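What the sequence shown shows, in my numbering, is residues 28 to 445, in sequence order.
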Amino acid sequence: MSEHVLIVGTGRDFPARIRAAHPDARTTVFCRLDSVGRVRAPGDNARVLGLRDDAPEQEWVDLAAAVHARDPFTRIGTFGERNQHHYALIAEALGLTAHSPDTVRLVHDKQAMRARLSEAGVDSTVGVRLADLDELRAFVGRYGLPCVVKPVSNSGSAGITKVTSESELAEAFARADASYQGLAHAGVLVEEFLDGPQFSVEAVSEAGEHQVVAITAKFSDPASFVELGHVTPARLPDDVRDEVHAYVGAVLDALGVEFGPTHSEICLTEKGPRLIETHVRMGGDEIPSLVRDATGVDVDDCAARQTLGEHVMPGVRATLAEDRPARCSAVWFAALEATGLLDHVGRLDEAQSLPGVTAVRLLAKPGAEVGGLASSDSRVAFARALADTPEEAAHAARAAVEHLEFTLKVSARRGRAV
Numbered sequence: 028m029s030e031h032v033l034i035v036g037t038g039r040d041f042p043a044r045i046r047a048a049h050p051d052a053r054t055t056v057f058c059r060l061d062s063v064g065r066v067r068a069p070g071d072n073a074r075v076l077g078l079r080d081d082a083p084e085q086e087w088v089d090l091a092a093a094v095h096a097r098d099p100f101t102r103i104g105t106f107g108e109r110n111q112h113h114y115a116l117i118a119e120a121l122g123l124t125a126h127s128p129d130t131v132r133l134v135h136d137k138q139a140m141r142a143r144l145s146e147a148g149v150d151s152t153v154g155v156r157l158a159d160l161d162e163l164r165a166f167v168g169r170y171g172l173p174c175v176v177k178p179v180s181n182s183g184s185a186g187i188t189k190v191t192s193e194s195e196l197a198e199a200f201a202r203a204d205a206s207y208q209g210l211a212h213a214g215v216l217v218e219e220f221l222d223g224p225q226f227s228v229e230a231v232s233e234a235g236e237h238q239v240v241a242i243t244a245k246f247s248d249p250a251s252f253v254e255l256g257h258v259t260p261a262r263l264p265d266d267v268r269d270e271v272h273a274y275v276g277a278v279l280d281a282l283g284v285e286f287g288p289t290h291s292e293i294c295l296t297e298k299g300p301r302l303i304e305t306h307v308r309m310g311g312d313e314i315p316s317l318v319r320d321a322t323g324v325d326v327d328d329c330a331a332r333q334t335l336g337e338h339v340m341p342g343v344r345a346t347l348a349e350d351r352p353a354r355c356s357a358v359w360f361a362a363l364e365a366t367g368l369l370d371h372v373g374r375l376d377e378a379q380s381l382p383g384v385t386a387v388r389l390l391a392k393p394g395a396e397v398g399g400l401a402s403s404d405s406r407v408a409f410a411r412a413l414a415d416t417p418e419e420a421a422h423a424a425r426a427a428v429e430h431l432e433f434t435l436k437v438s439a440r441r442g443r444a445v
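This is the structure in C-alpha cells:
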C-alpha cells in the first residue's frame with residue numbers, strides 16, 4: 028500500500044526518513060510561510076504549502092481537507108513543538124491517527140497540565156496562571172519564596188526565572204509575559220519551586236503502553252534554567268529508577284498519551300519525582316543521539332516508523348534487553364558571558380581530537396550577535412563524548428567546549444552621558 032504522509036511543520040529530516048523507510052511513501056509538508064525556506068530538499072516532497080503566521084486554525088484544516096479530497100492522506104506527523112496544535116486539529120478533522128487536541132493542549136498549557144495531574148492524583152505541585160503582577164505577589168504571600176515564574180507555554184527554557192526575593196517579581200513577570208520561539212503567548216504561570224536534582228526521561232509509547240528508554244541527568248544554569256549539559260544514563264539507584272519509570276508512566280496516562288516519543292523533565296524531590304514539564308516529541312539538545320549511543324535505541328527512527336503505522340515497541344524492548352557494554356554519552360554546551368559579534372572560533376580541530384569526544388559543532392555563525400544566556404538559543408557550540416561512566420563522559424564533553432576559543436567584535440559603549 029502506498030502512503031501519503033502529511034507533515035505539519037518543516038519536519039527537519041523526517042520527510043526523508045519516512046520516504047526511506049517506505050519506498051512507496053510520499054510526503055506533503057504544511058508549514059508557516061516564515062519556515063518554508065527551512066524545508067530540506069523541498070522538491071522531494073509531493074508539495075510544500077505555507078500559511079501565514081496569523082492564518083486562523085480553520086484555514087489550516089480547510090487547506091488540508093482540500094488537498095485530502097484530491098490526493099488523500101493516509102498518515103500525519105509532526106516533529107517539533109510549534110505546529111502540534113494544528114496537527115491535532117487537522118488529524119481530528121480528517122480521521123487520521125494522532126495525539127488528540129486535548130492531549131496537545133495539556134502538554135502545552137502548563138497550568139492545565141498541573142490541574143489534570145492533580146485531579147488524577149499523580150502530582151500535587153502547585154501552579155497558578157497569573158493575570159497580573161498583583162496576583163504573583165499574592166501567590167508569594169500565600170506560598171512563600173522561592174518560586175518559579177514562566178510562560179504558560181514555552182520551550183528552550185525561555186522566559187523562566189527562579190525568584191528568591193520580592194524585588195525580583197516585576198522583572199520575572201515581564202520576562203515570562205512575552206512570546207518565545209514562535210509559540211503563541213499564552214500567559215504567565217507561577218509554580219512552587221521544586222528542590223532537587225533534575226533529569227529528563229525519554230519514553231516511547233504504543234497502544235497506551237509506555238516504555239522508558241533512558242533517564243538523562245541534566246546540568247542547568249542556576250539563574251536562567253537554560254540547560255548546559257546532559258549525560259545518559261543517569262547514575263541512579265535501581266529503586267529510584269523504578270520509581271521514575273512508574274511515575275512517568277502515570278503522567279503519560281493522565282495526559283492521554285497513547286503513542287509516540289515523549290520527553291519529560293522531572294525533579295527528584297524529597298517527596299519523590301515531580302514533573303517540571305513534558306512534551307509529545309523527542310528531546311532536544313542532542314538527547315536522541317545520547318540515547319542512541321548509550322542504549323542502541325534510535326528514538327528518531329521510532330518516531331518516523333510510528334508515523335507510518337509500524338509497531339516499534341517489540342524492537343525497542345528487545346534492544347534494551349540486549350547484553351551490551353555499558354556506555355555513557357554526554358553533551359555540553361558553550362555559552363559566552365561577553366556580548367558582541369562572533370568573529371572567529373579557534374581550536375575546533377583540537378577540541379574534536381580530545382579523548383572520548385565524538386562531535387563538536389558550532390551553533391552560531393560568524394557575524395551573529397552572541398552573549399548572555401537568555402534561552403537555549405543563546406548557546407554557541409556543543410560537544411558530545413562517550414566514556415565508561417557518566418562522570419567521565421560529562422567531563423570529556425565539557426573539556427572539549429572549554430577548549431574552544433571565541434573571538435568577538437565589540438563596539439564602544441553607546442548611550443547618553445550627563
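Using N, Cα and C, we set each Cβ at its ideal position, and we do this for glycine too.
These numbers come from a predicted model, not from an experiment.
Pick from F41, M140 and E429: whose alpha carbon is nearest that of G283? Looking up residue 283 in the sequence shown gives position 256. The option with the nearest alpha carbon to G283 is M140.
Are at least three pairs of beta-carbons, each pair with one atom in the region 396-410 and one in the region 360-379, less than 8 Å apart? yes
Beta-ladder partner(s) of A408, from DSSP: Position 381 of the sequence shown, counting from 1, holds the residue named residue 408. Paired residue(s): A361 and L389.
Leaving out five residues before and five after A391 in sequence, what residues of the same chain have Cβ atoms less than 7 Å from its Cβ? If you number the sequence shown from 1, residue 391 lands on position 364. L369, V397 and V407.
Who are S232's beta bridge partners in DSSP? Locating residue 232 in the sequence shown gives position 205, where the first residue counts as 1. H237 and G287.
Can you look up S247 in the DSSP assignment and give me helix, strand or coil? On the sequence shown, position 220 is the one that residue 247 refers to. If DSSP states are grouped into helix, strand and coil, S247 belongs with the strands.
So, helix, strand or coil for F106, using DSSP? If you number the sequence shown from 1, residue 106 lands on position 79. The answer is coil: DSSP assigns F106 none of H, G, I, E or B.
Give the single residue among S356, P393 and L375 whose Cα lies nearest to the Cα of G367. The residue you call residue 367 lines up with position 340 of the sequence shown. Out of S356, P393 and L375, P393 has the C-alpha closest to the C-alpha of G367.
Measuring alpha carbon to alpha carbon, tell me which residue in L255, A357 and V231 is nearest E305. Position 278 of the sequence shown, counted from the start, is the residue given in the question as residue 305. According to the sequence as given, residue 305 is Thr; it is not Glu. The residue with the shortest Cα to Cα distance from T305 is V231.
Kindly list the residues whose CB is nearer than 6 Å to the CB of A386, restricted to its own chain and excluding five residues on each side of it in sequence; keep chain order. Numbered from 1 along the sequence shown, position 359 holds the residue referred to as residue 386. So the qualifying residues of the chain are R411.
Taking Cβ to Cβ, would you say L144 is nearer than 7 Å to A281? Translated into positions along the sequence shown, residue 144 becomes position 117. Translated into positions along the sequence shown, residue 281 becomes position 254. For L144 and A281, yes; Cβs fall inside 7 Å.
Beta-bridge partners of H306, as assigned by DSSP: On the sequence shown, position 279 is the one that residue 306 refers to. According to DSSP, which records beta bridges pairwise, H306 is partnered with H290.
Enumerate in chain order the residues of its own chain whose CB-to-CB distance from G214 is below 6 Å, with the five nearest sequence positions on each side excluded. Looking up residue 214 in the sequence shown gives position 187. If we look at G214 and ignore the five residues flanking it on each side, its Cβ neighbours are R156 and V179.
Could you say if the region 226-246 and the region 186-193 meet the contact criterion of at least three C-beta pairs nearer than 8 Å? The region 186-193 and the region 226-246 do not touch, with fewer than three beta-carbon pairs separated by less than 8 Å.
Residues bridged to I34 by DSSP? Mapped onto the sequence shown, residue 34 falls at position 7. Answer by DSSP bridge pairing, in chain order: V56 and G104.
What would DSSP say about H272, mapped onto helix, strand or coil? What you label residue 272 is simply residue 245 of the sequence shown in a count that begins at 1. Helix.
Over the uninterrupted alpha helix (DSSP H) stretch that includes G168, give me the two end residues. Position 141 of the sequence shown, counted from the first residue, corresponds to residue 168. From DSSP, the alpha helix (DSSP H) with G168 extends over L160 to Y170.
Nearest to V153 (by Cα), restricted to the options V176, V384 and V75: Taking the first residue of the sequence shown as 1, we reach residue 153 at position 126. Comparing Cα-Cα distances from V153 to each of V176, V384 and V75, the minimum goes to V176.
Using CA coordinates, which residue listed in D204, A420 and D81 is at the minimum distance from K245? Translated into the one-based positions of the sequence shown, residue 245 becomes position 218. For the residues D204, A420 and D81, the minimum Cα distance to K245 belongs to A420.
C-alpha gap between E218 and I303, whole angstroms: Taking the sequence shown and counting its residues from 1, one reaches residue 218 at position 191. Taking the sequence shown and counting its residues from 1, one reaches residue 303 at position 276. Going from the Cα of E218 to the Cα of I303 covers about 10 Å.
As assigned by DSSP and simplified to three states, the class of L157: Taking the first residue of the sequence shown as 1, we reach residue 157 at position 130. L157 falls in the strand class under three-state DSSP.
If you scan the region 67-129 from start to end, which runs of the beta strand (DSSP E) of 3 or more residues do you find wholly inside it? 74-78 and 102-104
Between the alpha carbons of D266 and V258, how many angstroms are there, rounded? Position 239 of the sequence shown, counting from 1, holds the residue named residue 266. Position 231 of the sequence shown, counting from 1, holds the residue named residue 258. In a straight line, the C-alpha of D266 is about 20 Å away from that of V258.
Three Cβ pairs or more, each shorter than 8 Å: is that satisfied between the region 337-346 and the region 315-326? yes
Quick check on the DSSP output: the beta strand (DSSP E) that includes T416 runs from which residue to which? In the sequence shown, the residue the question calls residue 416 occupies position 389. First-last for T416: undefined, no H or E at that position.
Three-state secondary structure assigned by DSSP to R351: Residue 351 sits at position 324 when you count from the first residue of the sequence shown. Note: R351 maps to coil in three-state DSSP.
Distance, Cα to Cα, H446 vs V318? As shown, the chain starts at 28 and ends at 445. That puts residue 446 outside it, with no answer to give.
Do I34 and V63 have their beta-carbon atoms positioned less than 7 Å apart in this structure? Working through the sequence shown from its first residue, we reach residue 63 at position 36. Working through the sequence shown from its first residue, we reach residue 34 at position 7. Their beta carbons are not under 7 Å apart, which means V63 does not touch I34 by this criterion.
Cα separation between P26 and Y274? The structure shown does not extend to residue 26, since the chain is modelled only from 28 to 445, so the question has no answer here.
Going by the DSSP bridge assignment, what does G373 pair with across the sheet? Residue numbering aside, residue 373 sits at position 346 when the sequence shown is read from its first letter. Here G373 is bridged, per DSSP, to E432.
Of the residues Q379, R164, T105 and R53, which one's Cα is nearest the Cα of V32? Counted from its first residue, the sequence shown places residue 32 at position 5. Nearest of Q379, R164, T105 and R53 to V32, Cα basis: R53.
For V176, which residues does DSSP report across the bridge? Here residue 176 refers to the residue found at position 149 when the sequence shown is read from its first residue. Paired residue(s): T188 and V217.
Looking at T289 and A261, is the spacing between their C-beta atoms short of 7 Å? Taking the sequence shown and counting its residues from 1, one reaches residue 261 at position 234. Taking the sequence shown and counting its residues from 1, one reaches residue 289 at position 262. Not a contact, by the Cβ cut-off of 7 Å.
What would DSSP say about F226, mapped onto helix, strand or coil? In the sequence shown, counting from the first residue as 1, residue 226 sits at position 199. Three-state DSSP puts F226 in a strand.
Proximity of I293 and F226 at Cβ, strictly below 7 Å: Position 266 of the sequence shown, counted from the start, is the residue given in the question as residue 293. Position 199 of the sequence shown, counted from the start, is the residue given in the question as residue 226. Their beta carbons are under 7 Å apart, which means I293 touches F226 by this criterion.
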